[in-house]
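Data first, discussion second: the structure below is written as structure tokens.
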């Protein structure tokens with residue numbers, strides 16, 4: 104049986120990101136994201152809202168960019184994998200929680216970060232051309248010219 108572990112979330116940061124470094128100088132950024140879900144009770148027509156608070160961790164260059172450009176309340180779209188963290192509390196109890204390990208992200212909303220994408224891992228385009236912020240990650244050219252006229256939908 105095949106296994107698949109992929110999470111895509113869009114929400115607002117619940118706190119300012121916390122940047123630290125491992126002993127080998129790898130950047131680690133921890134932050135929380137709140138994701139809202141609104142729904143209507145069909146019987147009473149009442150609107151309800153559920154909020155899910157999710158802890159996230161980004162590594163390397165992604166960690167540095169999120170720490171530099173994101174603050175509490177900023178909307179962010181993240182893609183990654185679900186991870187189970189386990190530890191023993193000072194009282195000796197076994198504890199666990201799920202976190203999302205960020206593999207790519209995109210700033211949402213506002214002129215200071217709207218629609219820009221960043222992915223972790225090696226980057227072929229090097230540093231951003233200006234200090235305005237990270238540039239969009241564009242896929243490699245497929246070699247063919249495409250126009251909107253040929254799209255079947």
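Numbering (this note's numbering), first residue to last: 104 to 256.
Every residue, glycine too, gets a C-beta built ideally from N, C-alpha and C.
Residue environment, residue i, which counts as buried when at least 16 other CB atoms sit within 10 Å
| i | result |
| --- | --- |
| residue 176 | exposed |
| residue 109 | exposed |
| residue 212 | exposed |
| residue 105 | exposed |
| residue 203 | buried |
| residue 228 | With a pLDDT of 36 at residue 228, under the threshold of 50, the modelled position of that residue is not reliable, and the figure given next carries that caveat. The residue in question, residue 228, is exposed, as its Cβ has fewer than 16 Cβ neighbours within 10 Å. |
| residue 116 | buried |
| residue 111 | exposed |
| residue 195 | exposed |
| residue 232 | Note that residue 232 has pLDDT 38, beneath the 50 cutoff, so the model's placement of it is unreliable and no number is given. |
| residue 165 | buried |
| residue 187 | exposed |
| residue 210 | buried |
| residue 156 | exposed |
| residue 107 | exposed |
Which listed residue (the options) has its alpha carbon closest to that of residue i
| i | options | result |
| --- | --- | --- |
| residue 208 | 173, 188, 197 | 173 |
| residue 114 | 148, 158, 185 | 158 |
| residue 152 | 146, 165, 138 | 138 |
| residue 140 | 179, 154, 205 | 154 |
| residue 205 | 107, 150, 163, 193 | 163 |
| residue 185 | 192, 200, 191 | 200 |
| residue 131 | 161, 181, 198 | 161 |
| residue 136 | 182, 193, 150 | 182 |
| residue 180 | 134, 193, 127 | 134 |
Bridge partner(s) assigned by DSSP for residue i
| i | result |
| --- | --- |
| residue 114 | 179 |
| residue 123 | 131 |
| residue 157 | 136 |
| residue 165 | For residue 165, which the question treats as bridged, DSSP gives no partner whatsoever. |
| residue 141 | 152 |
| residue 174 | DSSP, once it has assigned bridges, lists no residue as partnering residue 174. |
| residue 199 | 189 |
On the three-pair Cβ rule with 8 Å, is the stretch 158-172 touching the stretch 114-122?
yes
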